[in-house]
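Numbering (full-length UniProt numbering), first residue to last: 1 to 214. Reading through the structure tokens given below for one structure.
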Amino acid sequence: MPAAQAESFIRALATANPAPETELIYHDPFTLLVAVVLSAQATDAAVNRCTPALFAAAPTPERMAALGAEGIGPYIRSIGLWQAKAKNVGALARDLVDKHGGRVPGDREALEALPGVGRKTANVVLNIAFGQNTMAVDTHIFRLGNRCGLAPGKTPRDVEDMLVRRCPPDLLRDAHHWLILHGRYVCKARAPECWRCVARAFCNYRDKVLAPPA
DNA sequence: ATCCCGAGGG
DNA sequence: CCCTCTGGAT
């Protein structure tokens with residue numbers, strides 16, 4: 001996709017929130033980081049349901065580290081992969097206390113060194129909590145990009161670089177967040193809801209799955 | 001019954 | 001590259 005068209009594509013997606021009911025409820029670095037770690041393979045609703053009690057019990061890295069995997073587990077048993085996540089979050093909080101003065105580091109290298117934190121999670125935290133020019137390319141964005149011919153045959157990392165390069169600076173925050181939601185709730189893997197997609201004009205598959213259910 | 005999905009490990 | 005973890009969605 002040509003540069004000018006890519007910018008239009010990003011602009012279209014960045015100006016419409018497709019799932020206002022699942023809006024991100026955490027914005028400070030620590031709760032955001034933990035919430036994102038818990039989000040893999042779980043619905044936003046499930047994460048938003050169980051995290052308030054968890055953060056009431058452990059609002060800081062110190063308290064979370066003290067809770068440990070055994071103490072964290074009971075709060076998150078309703079979401080997928082909870083055993084691994086409890087372990088990761090406990091170890092992550094321990095690392096924050098021991099290696100980062102109880103603060104969430106604001107650089108990629110340190111974030112990705114934390115247990116359970118990969119490139120995608122680091123990019124979300126860097127963008128939303130630290131205001132940096134990053135884009136988290138998860139499989140939702142990757143699929144959306146592929147269906148729209150954003151960067152045919154390219155790797156997720158290539159797509160990430162392209163989005164960072166093409167996204168107008170004033171739209172960075174919204175583009176990052178709304179792109180994920182579009183892939184997750186509109187341009188879904190199984191039953192995409194093309195009839196309410198703001199990127200229809202760019203999509204190569206729209207004619208095949210455009211109609212709403214009867 | 002099968003797919004979803006990010007991180008980590010083989 | 002492949003596989004596993006797990007509850008939820010379909």
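Glycine residues also receive a C-beta, built at the ideal position from the N, C-alpha and C atoms.
About 26 Å separates the beta carbon of Val-198 from that of Val-125, a gap too long to meet the 8 Å contact definition. Measuring C-alpha to C-alpha distances from Thr-134 to each of Gly-101, Leu-144, Gly-106 and His-140 identifies Gly-106 as the nearest. Pairing Glu-21 with Met-1, the inter-Cα distance amounts to about 32 Å. Assigned with DSSP and collapsed to three states, Lys-188 falls in coil, not helix or strand. In this structure, Val-89 sits near Ala-69, with a CB-CB distance shorter than 9 Å. Residues of the same chain with a CB within less than 8 Å of the CB of Ala-151, apart from the 5 flanking positions on each side, are Met-1, Gly-145, Asp-158, Val-159 and Met-162 in chain order. Leaving aside the five residues that flank Leu-32 on each side, the residues in its chain whose CB is nearer than 7 Å to its CB run, in chain order, Tyr-26, Val-125, Ile-128 and Ala-129. Counting only the Cα atoms, Gly-80 lies some 8 Å from Ala-40.
Beta-carbon to beta-carbon, Leu-92 and Gly-116 are separated by about 6 Å, close enough to satisfy the 8 Å threshold. Judged by DSSP in its simplified three-state form, Cys-148 adopts coil rather than helix or strand. The beta carbon of Ala-16 sits closer than 6 Å to the beta carbons of Val-198 from its chain, once the five residues preceding and following it are set aside; these are given in chain order.
By the CB criterion at 9 Å, Leu-96 and Arg-103 fall inside the cutoff.
The C-alpha of Arg-165 lies about 22 Å from the C-alpha of Leu-111. With respect to Pro-29, Val-186 sits apart: the two C-beta atoms are not nearer than 9 Å. Distances from the CA of His-176 to each of Pro-59, Gly-101, Gly-153 and Ile-10 were compared; the closest alpha carbon is that of Ile-10. Shown here, His-27 sits in coil according to DSSP, grouped into three states, outside any helix or strand.
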